[in-house]
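The structure under discussion appears below in the form of structure tokens.
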Amino acid sequence: MRHFIACFLLLSIAATTNAAEFLVSSRLDSGAGTFREALISAITTPSPPHVIRFTAAYPLGGRINLASALPTIQVELTIEGNNRFPQLSGVEQFPLLITTRSLTLRDIQLMDGWAPVVNTTAGDGGCVRYNGAPTAVATLLVERTNFLNCRARELFLAGGGAIHWPAPAGGLEIRQSTFTNNRAISNDAANEQPRGGAVQASTSAIVITGSTFVDNQVQTVGTRGGLGGALALFVQPGDFNFASLQGNRFSGNQVTENASDQGRGGAVFVALQTGTQVAIDQNWFNGNSAREGGALFLRGTNVLNLMNVRNNSFHNGQAQFAGGGMSVLSGFLVATHNTWNESLAPSASTLAFTNTDVRRFANNVLVRPFGSAHCTMTNIVRNSLQGAGNFFDSACSGLEQASDQFFPGDLVLVVDETERVGVLKLPPGTSAIDGGSDVSDDCSATDARGTTRPQDGDGNGQARCDAGAYEVASPVLFRDGFE
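Counting in my numbering, the sequence shown runs from 8 upward without gaps.
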């Protein structure tokens with residue numbers, strides 16, 4: 008996977024090499040020094056890629072309210088906020104950036120971009136939409152950019168309230184960005200299936216790191232649910248094509264809960280095709296809801312799709328049908344150092360796996376299921392199941408291992424959201440502290456916040472891995488470090 012990430016980053020860097028630069032100093036809709044004028048100049052100037060840059064003269068945080076739709080971007084382009092953090096608003100009437108080429112966005116704010124209500128792809132991607140050839144190697148790089156109140160509105164398959172990137176041969180990378188209150192809305196009760204309240208991507212390489220997704224939704228008017236309250240990611244077929252989510256925060260995202268079918272992935276829905284894989288690492292999921300997979304739904308085409316879920320904390324995920332914490336359908340699953348707490352569903356409060364080859368399940372913590380037992384396993388393969396160091400407060404039927412350990416009584420975890428990546432902390436003296444497996448494949452090198460493992464969390468002089476996503480640090484007895 009590292010090879011493909013490197014290639015993708017090279018593409019991103021190449022896209023920023025500019026032939027011409029166009030400056031923005033005015034927050035008016037049109038005229039000299041405006042964003043519209045710079046965009047038209049960039050589109051019509053030969054020898055791209057080009058850069059649009061906001062100058063020091065631009066008002067800090069100044070908002071541009073569009074009076075009409077912007078022209079389609081037909082060249083490779085970088086838009087740089089340049090520490091002015093400009094706001095570009097579609098005033099809940101117009102979509103914002105439509106492109107047929109690679110695009111880079113840095114240090115800007117996109118808001119109130121509303122795609123029209125139509126039965127075509129013109130209703131996708133309220134703030135950013137790729138409208139180029141599916142065979143083009145088009146990449147989108149988003150860095151330190153905020154998306155607020157963007158809307159995809161389409162009769163049937165509304166996709167990507169903030170971003171719609173259907174570039175099968177290209178890629179998508181999002182770094183240190185924020186997505187708040189975005190929507191993908193379908194309006195036909197019989198055929199609706201919106202996807203990705205914040206982002207829908209159908210591409211070969213997807214990397215999302217250090218970003219925050221809050222209160223994004225997929226909305227329907229009927230009983231058919233959509234996919235991915237925040238993210239709906241479709242990894243296109245190809246050996247080692249991938250999606251990677253690391254160090255992100257997902258809170259309050261939602262897919263239609265009362266749907267009769269679909270309604271999958273309250274925060275994240277990932278669909279893998281032949282030869283592809285996904286890594287979900289060091290993320291915080293809190294208060295997300297769906298029909299299936301309250302926080303996370305992973306779908307593969309067969310058991311050859313590698314799904315690596317590690318160092319994640321899942322709190323208060325809810326599902327109307329099954330898998331309040333996570334659901335998996337057809338894949339090759341490795342799950343280590345995750346914590347699930349207070350998940351709710353009438354069937355499989357915490358985990359629902361179907362047609363899944365579970366290869367490793369180690370150093371996980373599952374506590375306080377509401378509505379039903381922790382787990383439902385349907386037609387899973389566990390012939391090669393390995394792992395140890397799991398802790399439960401009640402059985403996880405179908406994933407039982409001889410080394411399973413159980414917490415006595417009602418264990419209440421401590422919710423810590425003081426950092427972007429929230430964690431669920433074990434109370435002092437809990438047996439899972441220094442109680443996990445130290446086997447190298449079970450014990451990851453760092454925890455959800457990057458703390459080195461193992462630590463001597465119980466202070467007995469021996470460092471051992473904790474179970475769960477958070478590693479309790481060794482106690483400090485002396486301020487000068489002489490222990």
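Each residue gets a CB set at the ideal place from its N, CA and C atoms; glycine is no exception.
CB of Leu311 to nearest heavy atom of the ligand MG: below 6 Å?
Because no ligand of any kind appears in the structure shown, any question about the ligand MG cannot be addressed here.
Euclidean distance between Cα positions of Gly166 and Pro434:
Cα-Cα distance, rounded: 42 Å.
I want to know whether the stretch 210 to 218 touches the stretch 174 to 191 - three or more CB-CB distances under 8 Å.
Yes, the stretch 210 to 218 touches the stretch 174 to 191.
Within 7 Å, strictly: CB atoms of Ala239 and Phe257:
Between Ala239 and Phe257, the C-beta gap is not smaller than 7 Å, which leaves the two residues out of contact.
Span of the alpha helix (DSSP H) holding Arg43?
Bounds of the alpha helix (DSSP H) holding Arg43 are Phe42 to Thr51.
To the nearest angstrom, report how far apart Pro123 and Leu234 are at their CA atoms.
Pro123 and Leu234: Cα-Cα distance of roughly 20 Å.
Relative to the C-alpha of Leu148, which residue among Leu155, Val135 and Ala140 is closest?
Between Leu148 and the set Leu155, Val135 and Ala140, the nearest pair of CA atoms involves Val135.
Could you name the residues that DSSP lists as bridge partners for Cys450?
DSSP output for Cys450 lists no bridge partner at all.
Which of the three DSSP states, helix, strand or coil, is assigned to Ala27?
Here Ala27 sits in strand by DSSP.
Have a look at Met314, Gln261 and Gln327 and flag the residue whose alpha-carbon is nearest the alpha-carbon of Thr343.
Here the closest residue by C-alpha is Met314.
Could you give the distance in angstroms between the alpha-carbon of Phe489 and the alpha-carbon of Arg460?
Bear in mind that the predicted position of Phe489 carries a pLDDT of just 49, short of 50, making it unreliable; the figure below should be weighed with that in mind. Cα-Cα distance, rounded: 21 Å.
CB contact flag (Val372, Ala439, <7 Å):
Taking 7 Å as the Cβ cut-off, Val372 and Ala439 qualify as a contacting pair.
Ranges of the beta strand (DSSP E) found wholly within the stretch 307 to 340, counting only runs of at least 3:
Scanning the stretch 307 to 340 for uninterrupted beta strand (DSSP E) segments of 3 residues or longer gives 313 to 317, 320 to 322 and 325 to 329, listed from N- to C-terminal end.
Residue range of the beta strand (DSSP E) that Val430 falls in?
Val430 to Lys432 is the extent of the beta strand (DSSP E) around Val430.
Contact between the stretch 40 to 50 and the stretch 59 to 79 (3+ Cβ pairs under 8 Å):
Taking 8 Å as the limit for Cβ pairs, the verdict is that the stretch 59 to 79 does touch the stretch 40 to 50.
Here's the rule: buried if 16 or more other CB atoms are within 10 angstroms of the residue's CB, otherwise exposed. What is Pro201?
With 16 or more other Cβ atoms within 10 Å, it is buried.
On a Cα-Cα basis, can you pick out the residue from Val285, Phe292, Asp411 and Met333 that is closest to Asn312?
Ranking Val285, Phe292, Asp411 and Met333 by Cα distance to Asn312 puts Val285 first.
For the beta strand (DSSP E) that His381 lies in, which residues bound it at each end?
Careful: His381 lies outside any beta strand (DSSP E) and carries neither H nor E.
In the DSSP assignment, what residue or residues form a beta bridge with Gly166?
Paired residue(s): Arg202.
Contact defined as beta carbons within less than 8 Å: I believe Phe304 pairs with Asn255. What is the distance between those atoms, to the nearest angstrom?
Contact doesn't hold; Cβ gap of about 16 Å is too wide.
Output yes or no for whether 7 Å exceeds the beta carbon distance between Thr152 and Leu112.
A contact, by the Cβ cut-off of 7 Å.
So, is Ser334 buried or exposed, given that buried needs 16 or more other C-beta atoms within 10 angstroms?
Around the beta carbon of Ser334, 16 or more other beta carbons sit within 10 angstroms, so the residue counts as buried.
Buried or exposed for Ala474, please, with buried defined as at least 16 other CB atoms from any protein chain shown within 10 angstroms of its CB.
Around the CB of Ala474, 16 or more other CB atoms lie within 10 Å, so the residue is classed as buried.
My output table needs one value for Ala191: the three-state DSSP class, helix, strand or coil.
Three-state DSSP puts Ala191 in a strand.
For Val135, list the residues DSSP reports as bridge partners.
Val135 is bridged by DSSP to Leu104 and Ile170.
Under 7 Å between C-beta atoms of Val262 and Ala297:
In contact: Val262 and Ala297 (Cβ atoms closer than 7 Å).
Select from Gln408, Leu392 and Gln393 the residue whose C-alpha is nearest the C-alpha of Phe399.
The option with the nearest alpha carbon to Phe399 is Gln408.
Is it buried or exposed for Glu99, if we count other Cβ within 10 angstroms and need 16 for buried?
Within a 10 Å sphere around the beta-carbon of Glu99 sit fewer than 16 other beta-carbons, which makes this residue exposed.
In chain order, what residues of the same chain lie with their CB nearer than 6 Å to the CB of Phe157, ignoring the 5 residues before and after it?
Residue identity check: residue 157 is Cys in the sequence provided, not Phe. Here the set comprises Gly120, Gly133, Cys134, Gly168, Ala169 and Asn189.
What are the boundary residues of the beta strand (DSSP E) that Met240 is part of?
Per the sequence shown, residue 240 should be read as Leu rather than Met. It spans Leu238 to Val242 - the beta strand (DSSP E) in which Leu240 sits, taken as one unbroken run.
Considering only the alpha carbon of each residue, which of Asp114, Ala302 and Val365 lies closest to Thr62?
For Thr62, the closest of Asp114, Ala302 and Val365 by C-alpha to C-alpha distance is Asp114.
Under 7 Å between the Cβ atoms of Pro55 and Arg34?
No, Cβ-Cβ distance for Pro55 and Arg34 is not below 7 Å.
Report, in whole angstroms, the separation of the C-beta atoms of Glu478 and Asp454, which I expect to be a contact under 8 Å.
Taking the Cβ atoms as the reference, Glu478 lies roughly 4 Å from Asp454, within the contact range of under 8 Å.
Expected contact under 8 Å - CB spacing of Asp441 and Asp411 to nearest Å
Their Cβ separation, rounded to whole angstroms, is 17 Å, which puts Asp441 and Asp411 out of contact at 8 Å.
What's the call for Leu484, buried or exposed, on a 16-neighbour Cβ count within 10 Å?
Low per-residue confidence applies at Leu484: pLDDT is 45, beneath 50, and the placement is therefore not dependable, though the value from the model is reported in the following sentence. In the assembly as shown, Leu484 is an exposed residue. Its beta-carbon has fewer than 16 other beta-carbons within 10 Å.
Since Glu87 contacts Ile59 with CB under 8 Å, what's their CB separation in whole angstroms?
About 7 Å; that satisfies the 8 Å criterion.
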